[in-house]
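Start counting the sequence shown at 1; every next residue gets the next number (this note's numbering). So the structure is just underneath, and the comments pick up after that.
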Amino acid sequence: MTHGPGEVVITGVGLAVPGASTPDALLRRTACPVTGPDPEPFDTAARIGRRGHRYKDRATRLALCAALEALRDADLLPSDGESDSPADAPSDSPSDRETVTVPGDTVGVVASSNLGNLDTACLTTTAIAERSAVDLSPMSLPNASSNVIASWVAIRHGLRGPNLMLCNGPTSGLDAVHWGAALVAAGRVRRVVVVGAETHNAVVEDLLGRSAGELLDGAAALVVEGARWAEARGARGVAALGPYERRAGLTGCVEALLPDAAAPGVWFTPERYAEGPAGAVPVPRAVPRYDVTGAVGRASGALGVLQCVAAVGWLARAAATTGAERVESVQRVERVESAERVESAEPVEPDAGAGSGTAFGAGPGSARDPVPVSRQALITTGDDTADAVAGLLLRPTPDRSHPHPARAPLISMECSR
Numbered sequence: 001m002t003h004g005p006g007e008v009v010i011t012g013v014g015l016a017v018p019g020a021s022t023p024d025a026l027l028r029r030t031a032c033p034v035t036g037p038d039p040e041p042f043d044t045a046a047r048i049g050r051r052g053h054r055y056k057d058r059a060t061r062l063a064l065c066a067a068l069e070a071l072r073d074a075d076l077l078p079s080d081g082e083s084d085s086p087a088d089a090p091s092d093s094p095s096d097r098e099t100v101t102v103p104g105d106t107v108g109v110v111a112s113s114n115l116g117n118l119d120t121a122c123l124t125t126t127a128i129a130e131r132s133a134v135d136l137s138p139m140s141l142p143n144a145s146s147n148v149i150a151s152w153v154a155i156r157h158g159l160r161g162p163n164l165m166l167c168n169g170p171t172s173g174l175d176a177v178h179w180g181a182a183l184v185a186a187g188r189v190r191r192v193v194v195v196g197a198e199t200h201n202a203v204v205e206d207l208l209g210r211s212a213g214e215l216l217d218g219a220a221a222l223v224v225e226g227a228r229w230a231e232a233r234g235a236r237g238v239a240a241l242g243p244y245e246r247r248a249g250l251t252g253c254v255e256a257l258l259p260d261a262a263a264p265g266v267w268f269t270p271e272r273y274a275e276g277p278a279g280a281v282p283v284p285r286a287v288p289r290y291d292v293t294g295a296v297g298r299a300s301g302a303l304g305v306l307q308c309v310a311a312v313g314w315l316a317r318a319a320a321t322t323g324a325e326r327v328e329s330v331q332r333v334e335r336v337e338s339a340e341r342v343e344s345a346e347p348v349e350p351d352a353g354a355g356s357g358t359a360f361g362a363g364p365g366s367a368r369d370p371v372p373v374s375r376q377a378l379i380t381t382g383d384d385t386a387d388a389v390a391g392l393l394l395r396p397t398p399d400r401s402h403p404h405p406a407r408a409p410l411i412s413m414e415c416s417r
């Protein structure tokens, strides 16, 4: 009998966007958009080096930067000084190939970009139509392929698992997260790098009829991993993936994710979502709202991944608040117990009372209560007028205290050595 990897968690996040280098910074920028001059474009050379730029378009370079950061955050790349850089590589330039520390066939890639290489494709077809295919550079022609982003991420890091590229309209980024998690849950791989990237250029601006300042020039990445595989290598998830829905309309999607009109802790809305009348809004007005595109620009295929990164920041902030509240509650209970003991002058059994730990958490092996909806992040993307809306719940990961976890067994569908 085979067993699937069970819960799917996020073990690493990466950003390559102007003015926000961490999930918390992205969340702050989303909550309070910066006024004044726009931040400088993200410097891809500072992260992947000049060698990493060779024969790659802007969207691919941004995706490589975000994926590199996510893999580092997930502890899947060698530490400093253990890279496989060639001996003659410049000391100030990262290697153009940084292989992961786990078998490459246990890691897949799912990328999302609707417009990333649109300029290359259009310029290539124009050159062929106006002159000849002989005029095309053989080194730049691969960039016209729709799967170039996913392919380069896999090549750079030696990832030999399934390799997918989604160009699926407004829901593409969240769809990519879902399909990455589906590959893990099905046992096809143990972990997947999910990347969303978009850039702006003259071709994109002309197609969308928007200026460069309104459009994203950046990327975001996640490492989604089976919880048992993460635990086996000593990694901790920063968030757990909840249910995913794709429906013909926002209201139906939210109702499927949140039955009985439950209120989530936060709502990451679709791009430039306009609030309707009170009765028409599918999420209670008391729930905080965040529109990531207000901080980074219209994000198209990268939006869902960016929202997940921002949601990780929100979950971390909520966990810190909850932790502080728990410490305060325990201290308050201990003060009350101390006063009662002095007053009664009677011995108290060591395992009695709320101070024993039973009031705030179950012991090892005990069944855990499901995470309340009020502690979960609701993420929605898509166009409510085009019958294409996707939604996902992101949850805090349960506390785990296994310093030496047992080695997770391979499962039959996995292509692992």
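Cβ atoms here follow ideal geometry from the backbone N, Cα and C, with glycine treated the same way.
Where the alpha helix (DSSP H) containing residue i begins and where it ends
i: P130; result: Note on residue identity: the sequence assigns Glu, not Pro, to residue 130. Start and end: 118-130.
i: V423; result: Residue coverage of the chain in this structure runs from 1 to 417, which leaves residue 423 outside it and unanswerable.
i: S151; result: 148-157
i: L26; result: 23-31
i: E275; result: First-last for E275: undefined, no H or E at that position.
i: D206; result: 202-208
i: S79; result: Looking at the DSSP string, S79 is not in any alpha helix (DSSP H), and its letter there is neither H nor E.
i: S172; result: 172-185
Span separating the alpha-carbon of residue i from that of residue j
i: I454; j: E255; result: Because the chain is modelled from 1 through 417, residue 454 falls outside the range shown and cannot be assessed.
i: A45; j: R61; result: 9 Å
i: L115; j: V283; result: 31 Å
i: R156; j: N117; result: 18 Å
i: P90; j: S211; result: The pLDDT assigned to P90 is 41, lower than 50, so where the model puts this residue is not dependable; a value taken from the coordinates is nonetheless given after this. Looking at the two C-alpha atoms, the distance is approximately 38 Å.
i: V177; j: V110; result: 8 Å
i: P39; j: A221; result: 21 Å
i: V418; j: D217; result: Residue 418 lies beyond the stretch modelled for the chain, which goes from 1 to 417, so this question has no answer here.
i: H53; j: A150; result: 16 Å
i: G19; j: S300; result: 19 Å
i: A318; j: R188; result: 33 Å
i: E214; j: F42; result: 16 Å
i: A129; j: C122; result: 11 Å
i: P372; j: R233; result: 28 Å
i: K56; j: N143; result: 7 Å
i: L315; j: A133; result: 51 Å
i: G265; j: L393; result: 10 Å
i: Q307; j: S137; result: 37 Å
i: A388; j: R246; result: 7 Å
i: N168; j: V223; result: 20 Å
i: T30; j: G313; result: 11 Å
i: S145; j: L15; result: 24 Å
i: P33; j: A66; result: 22 Å
i: A294; j: D24; result: Correcting the residue identity first, residue 294 is Gly in this sequence and not Ala. Distance between the alpha carbons of G294 and D24: 16 Å.
i: H200; j: G209; result: 12 Å
i: T269; j: A262; result: 16 Å
i: L164; j: R375; result: 32 Å
i: R131; j: T124; result: 10 Å
Beta-ladder partner(s) of residue i, from DSSP
i: E245; result: G391
i: A445; result: Residue 445 is absent from the structure shown; the chain starts at 1 and stops at 417.
i: L166; result: S112
i: A16; result: A219
i: A377; result: V266, L394
i: D383; result: A388
i: R289; result: W267
Range of the contiguous beta strand (DSSP E) that encloses residue i
i: G226; result: 218-226
i: G108; result: 107-112
i: E198; result: 191-198
Rounded distance between the beta-carbons of residue j and residue i, thought under 8 Å
i: S112; j: L26; result: 17 Å between Cβ atoms; not a contact.
i: G237; j: T22; result: Wrong, their Cβ atoms sit about 17 Å apart, outside the cutoff.
i: V292; j: A310; result: 5 Å
i: L258; j: L378; result: 7 Å
i: L303; j: E275; result: With a Cβ gap of about 18 Å, L303 and E275 do not count as contacting.
i: R298; j: W267; result: Incorrect: roughly 19 Å between the Cβ atoms, too far for contact.
i: R191; j: G104; result: Not quite, the Cβ-Cβ distance comes to about 11 Å (not below 8 Å), so this is no contact.
i: A74; j: A235; result: 6 Å
i: G226; j: V184; result: 5 Å
Assigned exposure category for residue i - 16 Cβ within 10 Å defines buried
i: E198; result: buried
i: R285; result: exposed
i: A280; result: exposed
i: S172; result: buried
i: T126; result: exposed
i: A230; result: buried
i: Y244; result: buried
i: L207; result: exposed
i: T101; result: exposed
i: T397; result: buried
i: P37; result: exposed
i: V8; result: buried
i: T120; result: buried
i: T321; result: exposed
Residue-chain proximity (residue i, chain D), Cβ-Cβ < 9 Å
i: P264; result: Although the question refers to chain D, the structure presented lacks it and comprises just one protein chain.
Residue i CB to nearest heavy atom of the ligand GTP below 8 Å
i: P33; result: Absent from the structure shown: the ligand GTP. Ligands present: none.
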